[in-house]
Amino acid sequence: MTLDPVLARIDADLPQATERLFELLRIPSISTDPAFKADCDRAADWLVADLKSIGFDASKRPTPGHPMVVGHSGGDAAHLLFYGHYDVQPVDPLELWDNDPFDPRIEETPKGKVIRGRGTADDKGQLMTFVEACRAWKAVHGTLPANISMFFEGEEESGSPSLTPFMEENRAELTADIALISDTSLFDENTPAIMTQLRGLLGEELTITGPSRDLHSGMYGGVAMNPARVLARIIAALHDDEGRITVPGFYEGVPELSNELAAAWDDLKFDHESFLGEVGLSEPAGEKGRRPLEMIWSRPTCEVNGIWSGYTGDGFKTVLPSKASAKISFRLVGTQNPHEIRKAFRKMVQDMLPADCSVSFKDHGASKASVMTTTHPAFAQARKALSDEWPNAAAFTGGGGSIPIAGHFKEILDMDTMLIGFGKDDDGLHSPNEKYDLSSFHKGIRSWARILHAMTS
Ligand code: BES
Ligand code: ZN
1 MTLDPVLARI
11 DADLPQATER
21 LFELLRIPSI
31 STDPAFKADC
41 DRAADWLVAD
51 LKSIGFDASK
61 RPTPGHPMVV
71 GHSGGDAAHL
81 LFYGHYDVQP
91 VDPLELWDND
101 PFDPRIEETP
111 KGKVIRGRGT
121 ADDKGQLMTF
131 VEACRAWKAV
141 HGTLPANISM
151 FFEGEEESGS
161 PSLTPFMEEN
171 RAELTADIAL
181 ISDTSLFDEN
191 TPAIMTQLRG
201 LLGEELTITG
211 PSRDLHSGMY
221 GGVAMNPARV
231 LARIIAALHD
241 DEGRITVPGF
251 YEGVPELSNE
261 LAAAWDDLKF
271 DHESFLGEVG
281 LSEPAGEKGR
291 RPLEMIWSRP
301 TCEVNGIWSG
311 YTGDGFKTVL
321 PSKASAKISF
331 RLVGTQNPHE
341 IRKAFRKMVQ
351 DMLPADCSVS
361 FKDHGASKAS
371 VMTTTHPAFA
381 QARKALSDEW
391 PNAAAFTGGG
401 GSIPIAGHFK
411 EILDMDTMLI
421 GFGKDDDGLH
431 SPNEKYDLSS
441 FHKGIRSWAR
451 ILHAMTS
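In terms of full-length UniProt numbering, the sequence shown opens at residue 1 and continues consecutively.
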């Protein structure tokens, strides 16, 4: 089956493809907030109907949380499974958005046209690049070039609680020759990327309690234990002066970068000054003596994601808080064991508690790092296909974020995963005014058409 008419069809159909994406973007499928449960359901229904319109046998599949969408094209050719997530992050702080996050629009910017709205880049726009490539293929050739299964989740942004049970229960149905995911970014605007490793993630929330109620800081200050000070001391102790994490045993299973990967990453000539400059920073702030790319892709981290205690409203209140809390996450690499690290972190906190303080913890999930095996022929085929579409050859890169299913495909279904996405660093994932470049969408669709062609001809 020829590729050129499919690419021509994609070019001609771009306005309609964008309008279809807008329909999906208008549904506020925020998975973490129960107020949007019906919207998550509606997004799943929309996807089922859209897949049916291109000939997939698709259905909405209930879970204890938000539904999955599964669809199959059938056919005898190589069997590919494409995964994406239709849920999005919350929009707050809403006042920082220039427009309604769920009223998507095309905007002209100095760097070109962008699609603005929540979920444009993460992950509805990326998910639809693959669906649109299939639609164009079907329109031109009457059939798809492979036996394709689609698997869409609605809980990725809230830790995927229903995912592994669903994968275990539907093992046969979900197993294919390879899994494809489009939820990552380009290396830069001219260089497409196949991400070959992702970090894992461990989430912890802790609350330290001191006095049994908030106290007048004049009456009690000096003599009473202040849990905000205790929390600050604990957080400050999580890193040493070299930027290394002090949780005992934390670096077990953290591999050194191989010479081969170090050379390949150095060849990418990552411009950390402009990467940091774009967000108003200048100095890499990770472990001393590490390359900036290692800090993002292959070193583990410990970050404070939120911290609260006492009076934070307008004005001033001389209070000594009863409680102090923080949300802390660890990005994990290699074979670091999230459960052991959770235990070691909790013990370290317990051991630092002074008299009259207690601590409670809340588990916010954990996933291990994943490293892709790149020997499956699809990797070389996709690399060549991407290099035909973009100005520069495709790079094998790492990725600092986490997509737990990439590990589950290997562990539960024994499948390799190929991560190819078209996002950019300035897309504003999880931030106000999220966008996806129209060129990411357009060239993303064309890229998938080329990859499907390369994998099946
Ligand atoms: N699309 C991202 C993951 C990503 C971003 C990978 C950038 C590589 C580069 C995904 O939707 C995401 O944000 N995942 C969460 C993890 C989840 C368990 C909440 C993350 O990485 O924080
Ligand atoms: Zn995502």
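We put the beta carbon where it would ideally sit given N, CA and C, even for glycine. Model, not experiment: these values are computed from the prediction.
- DSSP places Asn305 in the uninterrupted beta strand (DSSP E) bounded by Thr301 to Ser309.
- Looking at the backbone, the Cα of His72 and that of Asn147 are separated by about 8 Å.
- With contact defined as three or more Cβ pairs closer than 8 Å, the stretch 303-315 and the stretch 261-277 are not in contact.
- In its chain, beyond the 5 residues on either side, Ser31, Cys40, Gly154 and Glu155 have a beta carbon closer than 6 Å to the beta carbon of His66.
- When beta bridges are read from the DSSP output, Phe82 appears opposite Met150 and Leu180.
- Distances from the alpha-carbon of Met68 to those of Lys52, Pro93, Phe151 and Gly289 put Phe151 closest.
- For Arg105, the enclosing beta strand (DSSP E) has its first and last residue at Arg105 to Thr109.
- For the pair of segments examined, the stretch 242-252 was found not to touch the stretch 161-176: the number of CB pairs separated by less than 8 Å stays below three.
- The Cβ-Cβ distance between Ile451 and Ala385 falls below 8 Å.
- Taking a cut-off of 8 Å on C-beta distances, the stretch 15-32 touches the stretch 85-105, as three or more cross pairs fall below it.
- Annotation for Ser360: the continuous beta strand (DSSP E) segment containing it runs Ser358 to Ser367.
- Taking C-beta separations shorter than 6 Å and ignoring five residues to either side along the sequence, the partners of Gly423 in its chain run Ala121 and Ser185, following chain order.
- Note on the stretch 228-260: there is no whole alpha helix (DSSP H) run with a minimum of 4 residues.
- Counting every other CB atom within 10 Å of its CB across the protein chains shown gives Gly280 a total below 16, marking it as exposed.
- Counting along the chain, no alpha helix (DSSP H) covers His376, and no H or E run does either.
- Beta-carbon to beta-carbon, Ala324 and Leu231 are separated by about 4 Å, close enough to satisfy the 8 Å threshold.
- In this structure, DSSP gives Gly407 a helical state, which the three-state scheme calls helix.
- For Ile106 and Ser298, the gap between their C-alpha atoms comes out near 36 Å.
- Excluding five sequence positions before and after Ala454, the CB atoms of its chain that fall closer than 8 Å to its own CB belong to Gln381, Ala382, Lys384 and Ala385, given in chain order.
- In this structure the stretch 192-207 lies against the stretch 394-403, because at least three pairs of beta carbons, one per stretch, are closer than 8 Å.
- According to the DSSP assignment, Thr196 belongs to the beta strand (DSSP E) that extends over Ala193 to Leu198.
- Secondary structure at Val333: coil, using DSSP grouped into helix, strand and coil.
- Closer than 7 Å to some heavy atom of the ligand ZN: that does not describe the Cβ of Glu107.
- Counting C-beta pairs with one atom in each stretch, the stretch 366-379 and the stretch 280-289 have fewer than three that are closer than 8 Å, which means they do not touch.
- By the Cβ test, the stretch 409-422 is not in contact with the stretch 334-351, since fewer than three Cβ pairs between them sit closer than 8 Å.
- By the neighbour-count definition (other C-beta atoms within 10 Å, threshold 16), Gln16 is an exposed residue.
- Going by beta carbons, Thr456 and Pro5 fall outside the 8 Å limit.
- Taking the Cα of Gly159 as reference, the smallest distance to any Cα among Glu189, Leu202, Cys134 and Ser212 is reached at Leu202.
- Selection Gly117, Asp351, Leu7 and Ala179 evaluated against Phe82 yields Ala179 as nearest (Cα-Cα).
- It is roughly 37 Å from the alpha-carbon of His216 to the alpha-carbon of Pro34.
- Applying a distance threshold of 5 Å between residue Cβ atoms and the heavy atoms of the ligand ZN selects Asp122, Asp123 and Asp183, given in chain order.
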